[in-house]
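Colleague: Sharing a structure, written as structure tokens. Questions coming.
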Amino acid sequence: MKSPLLLRTPTHSLVDRFWQAAALFIAALVLLPLAAIVWIAFTPSGAVWGHLVTTVLPGALRTTLLLMLGVGLVTGLTGVATAWLVTMCNFPGRRILDWALLVPLAVPTYIVAFAYVEVLDYTGPVQSLVRDLFGYQTSREYWFPEIRSLGGAIFVMGAVLYPYVYLTTRASFLIQSASTLDVSRTLGASPYGLFFRVALPLARPAIAIGISLALMECLNDIGAVTFFGVKTLTFSVYDTWLNRSSLGGAAQLALAMLFMVLLLLWLERFGRRKQRFDSRGDAKHRPPTRFDLNPWQAKLALVLCLVPVFAGFVVPGVLLTDRASRRLSFVLTDGFLTTVWNSFSLAAVAALLTVVISICLAYALRLSPNGPLKGAVRLASIGYAIPGTVLAIGILIPMANFDNLLDARMEAWFGLNTGLLLLGSGTGLVYAYVVRFLAVSYGQVEGGFGRITPHLDMAARTLGRNSGQTLTQVHLPMLKPVLLSAALLSFVDCMKELPATILLRPFNFETLATTVFEAASREAFEEAALPSLAIVLVGLIPVIYLARTSASSFRTRLSKRQPGPAV
17 MKSPLLLRTP THSLVDRFWQ AAALFIAALV LLPLAAIVWI AFTPSGAVWG HLVTTVLPGA
77 LRTTLLLMLG VGLVTGLTGV ATAWLVTMCN FPGRRILDWA LLVPLAVPTY IVAFAYVEVL
137 DYTGPVQSLV RDLFGYQTSR EYWFPEIRSL GGAIFVMGAV LYPYVYLTTR ASFLIQSAST
197 LDVSRTLGAS PYGLFFRVAL PLARPAIAIG ISLALMECLN DIGAVTFFGV KTLTFSVYDT
257 WLNRSSLGGA AQLALAMLFM VLLLLWLERF GRRKQRFDSR GDAKHRPPTR FDLNPWQAKL
317 ALVLCLVPVF AGFVVPGVLL TDRASRRLSF VLTDGFLTTV WNSFSLAAVA ALLTVVISIC
377 LAYALRLSPN GPLKGAVRLA SIGYAIPGTV LAIGILIPMA NFDNLLDARM EAWFGLNTGL
437 LLLGSGTGLV YAYVVRFLAV SYGQVEGGFG RITPHLDMAA RTLGRNSGQT LTQVHLPMLK
497 PVLLSAALLS FVDCMKELPA TILLRPFNFE TLATTVFEAA SREAFEEAAL PSLAIVLVGL
557 IPVIYLARTS ASSFRTRLSK RQPGPAV
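Under our numbering, the first residue of the sequence shown carries the number 17, and numbering increases by one thereafter.
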């Protein structure tokens, strides 16, 4: 396919090749940690693979698969059911719940896990109330679900991650043609038949995407599984690297995790490879008509939608607010302010870099949408699927080698000791953030470029502007809202990231996420409440943004949609 941007001069071609070279270089930087992992895994310092296969890998793999299966079921059922209710049914509170069901996305899984340990553990308020009511003296006198277990981890992760499925499935239900559903009603389909035989099959691709995103986050988690004592592959990588001092073994486990991620992506695409949907039959593409529920059905729908909101946000939010209010005097202390500054500065730098890199990738592809460049851009966007622990291992070795080489040369030539220049300055952590969350920013920027007609580019070229001038004078002013959204989402994701932060942070360098993790490891809930609440409040910003824009954007798209080819 030839680029639509015509009227190229030699200067224009030279500038265009710069954008292509920049995109290829970025893709190489993203792939560098993966190449490092493969190299470390196949060249370990000792014969550790046999030991891992017989002792660590079977149990970790089994636990990880069970966790992913449980989280997939919980997020799938919760996300699909709530999306159908708020999209297709009328009941009291529906408009509020339409956006409230998104708010658990603001709370990282490790914070919710920590909160539920405090609430449901033996010394927590729930079991204390049970003992007071029934006169029990010890835990042996009664049975209570163990929160520090695989079941507890599935419950917590399902309560936090279901919005991924809810968001994609709700979008699918909103864009389904009203005519399709009306024909089913005319043929006598009941609301249940309409859901199971028409709407649900049409929404399967969206459901698969949502569950895949939730499972990737589940595989990346290290905080919740550590609090609950669930030994997943992520925990095993962390434990093998830090506690057993075997970087080669950790790399081999990381490679197994990477294989699981690739398998998950392949299954998601394979499951919907033959699915095709045609929307040409309804030119106006009216949104579906909602069902009117009777009183008891409306109450049941309200309860079903309120439960995940309370479980994923209200309960941990109330508990964090109560505990944090007891330590408000620490807000202005030097230690807390330094921690906040560390988190904000790292996240801000990483967010800015992801947006700049996303612009480079999207614009290079716009100028020359050829096969190799498309492949490079796609490779550069796979970082979101790579768990933070895997990235940390892949980044540590190349940067440590560079630091050691630079230190040796500077010592030999100038008598200077540079030490860990990159790793010690937080550069490795920013690198990990950019690689991991580049896909989040790139998706926003690519969508923004897609809404700008190529005719503007051709008009700018006619007026003598090269590609760089066209970008700065035409595209960037039009993309300001998109760039702000991309920067905001990337910033909050960086603020919440825990696995890579734990493993790559400089010595004596604390962020809000690591402060929460270390306080939780010491069972110091009140100490962790204030930084946890700060992360939640920051995380609410993009959730509010999503809540305000997602539904309205879909309705606007529906009102303007024209007949088109099958997709």
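Ideal Cβ placement from N, Cα and C applies to all residues, glycine included. Given the structure is predicted, the values throughout are model-derived calculations rather than measurements.
Which parts of the segment 221-280 are runs of the alpha helix (DSSP H), unbroken and 4 residues or longer, counting only runs that do not cross its ends?
Modeller: For the segment 221-280, whole alpha helix (DSSP H) runs of length 4 or above, ordered along the chain, are 239-244 and 249-254.
Colleague: Would you kindly work out how many angstroms separate the C-alpha atoms of Asp419 and Tyr254, rounded to a whole number?
Modeller: Computed Cα separation, rounded: 23 Å.
Colleague: Out of Gly464, Leu269, Phe243 and Arg78, state which residue places its alpha-carbon closest to the alpha-carbon of Trp257.
Modeller: Checked all of Gly464, Leu269, Phe243 and Arg78; the closest Cα to Trp257 is Leu269.
Colleague: Look at the Cβ atom of Val490, then the Cβ atom of Asp509, and state whether they are nearer than 9 Å.
Modeller: Taking 9 Å as the Cβ cut-off, Val490 and Asp509 do not qualify as a contacting pair.
Colleague: Among residues of its own chain, excluding the 5 on either side of Gly297, which ones have a beta-carbon nearer than 6 Å to its beta-carbon?
Modeller: Unreliable positioning characterises Gly297 in this predicted model, as indicated by a pLDDT of 44, which lies under 50. The coordinate reading is nonetheless provided below. Closer than 6 Å at the Cβ level, and outside the excluded window around Gly297, lies no residue.
Colleague: Can you give the beta carbon distance from Glu526 to Asn358, rounded, assuming they're within the 8 Å contact cut?
Modeller: The pair is a contact, with the Cβ atoms about 6 Å apart (cut-off 8 Å).
Colleague: Any idea if Gln153 is buried or exposed, counting beta-carbon neighbours within 10 angstroms, 16 or more meaning buried?
Modeller: Its Cβ having fewer than 16 others within 10 Å, Gln153 is exposed.
Colleague: Contact defined as beta carbons within less than 8 Å: I believe Ala131 pairs with Leu336. What is the distance between those atoms, to the nearest angstrom?
Modeller: Going by Cβ atoms, the distance from Ala131 to Leu336 rounds to 6 Å, so yes, they are a contact pair.
Colleague: I need the boundaries of the alpha helix (DSSP H) containing Ile518, first residue and last residue.
Modeller: From DSSP, the alpha helix (DSSP H) with Ile518 extends over Pro515 to Leu520.
Colleague: Please go through the same chain and pick out, in chain order, the residues whose beta-carbon is closer than 6 Å to the beta-carbon of Ile411, but skip the five residues on each side of it.
Modeller: Here the set comprises Pro49, Gly444, Tyr447 and Ala448.
Colleague: To the nearest angstrom, report how far apart Ile238 and Thr79 are at their CA atoms.
Modeller: Roughly 13 Å separates the two Cα atoms.
Colleague: Go ahead and pull the three-state DSSP assignment for Asp585.
Modeller: There is no way to answer for residue 585, as the model of the chain reaches only from 17 to 583.
Colleague: What are the start and end residues of the alpha helix (DSSP H) that includes Ile112?
Modeller: Segment Arg110 to Ala116, the alpha helix (DSSP H) holding Ile112.
Colleague: How close, in whole Å, do the beta carbons of Met276 and Thr250 come, if the pair is a contact with beta carbons under 8 Å?
Modeller: That belief does not hold up - the Cβ atoms of Met276 and Thr250 are roughly 11 Å apart, past 8 Å.
Colleague: Check Asn310 in the structure and name its three-state DSSP category.
Modeller: Here Asn310 sits in coil by DSSP.
Colleague: Determine whether the beta carbon atoms of Ser506 and Ala366 lie at a separation below 9 Å.
Modeller: The answer is yes: Cβ separation under 9 Å.
Colleague: At 4 residues or longer, what runs of the alpha helix (DSSP H) sit wholly inside the segment 445-531?
Modeller: If we require 4 residues or more, the alpha helix (DSSP H) runs fully inside the segment 445-531 come out as 470-478, 483-486, 496-512 and 515-520.
Colleague: On the DSSP letters alone, give me the boundaries of the alpha helix (DSSP H) that Pro74 sits inside.
Modeller: Its alpha helix (DSSP H) spans residues Leu73 to Met104.
Colleague: So Arg382 is in the alpha helix (DSSP H); what residue range does that whole segment cover?
Modeller: From DSSP, the alpha helix (DSSP H) with Arg382 extends over Asp350 to Leu383.
Colleague: Note the first and the last residue of the continuous alpha helix (DSSP H) segment covering Glu539.
Modeller: Taken as a continuous stretch (DSSP letters only), Glu539 belongs to no alpha helix (DSSP H), as it is neither H nor E.
Colleague: Using the Cα positions of Glu534 and Glu134, report the straight-line distance between them to the nearest angstrom.
Modeller: Distance between the alpha carbons of Glu534 and Glu134 is about 15 Å.
Colleague: Quick check on DSSP: helix, strand or coil for Gly168?
Modeller: Helix, per DSSP.
Colleague: Apart from the five residues on each side of it in sequence, which residues of its chain come closer than 6 Å, Cβ to Cβ, to Gly140?
Modeller: Answer for Gly140: Glu134, listed in chain order.
Colleague: Span of the alpha helix (DSSP H) holding Trp429?
Modeller: From DSSP, the alpha helix (DSSP H) with Trp429 extends over Gly404 to Phe430.
Colleague: Under DSSP, the alpha helix (DSSP H) around Ala215 begins and ends at which residues?
Modeller: No alpha helix (DSSP H) contains Ala215, which DSSP labels as neither H nor E.
Colleague: Mapping DSSP to helix, strand and coil, what is Val559?
Modeller: Looking at Val559 - three-state DSSP - the assignment turns out to be helix.
Colleague: Output the distance between the C-alpha atoms of Leu437 and Glu427, rounded to the nearest integer angstrom.
Modeller: Near 13 Å, if we compare the C-alpha coordinates of Glu427 and Leu437.
Colleague: Give the straight-line distance between the Cα atoms of Leu318 and Val334, rounded to the nearest whole angstrom.
Modeller: Cα to Cα, the separation comes out at about 21 Å.
Colleague: Smallest Cα separation from Ala314: which of Val90, Arg467, Asn433 and Pro108?
Modeller: Among Val90, Arg467, Asn433 and Pro108, the Cα nearest to that of Ala314 belongs to Pro108.
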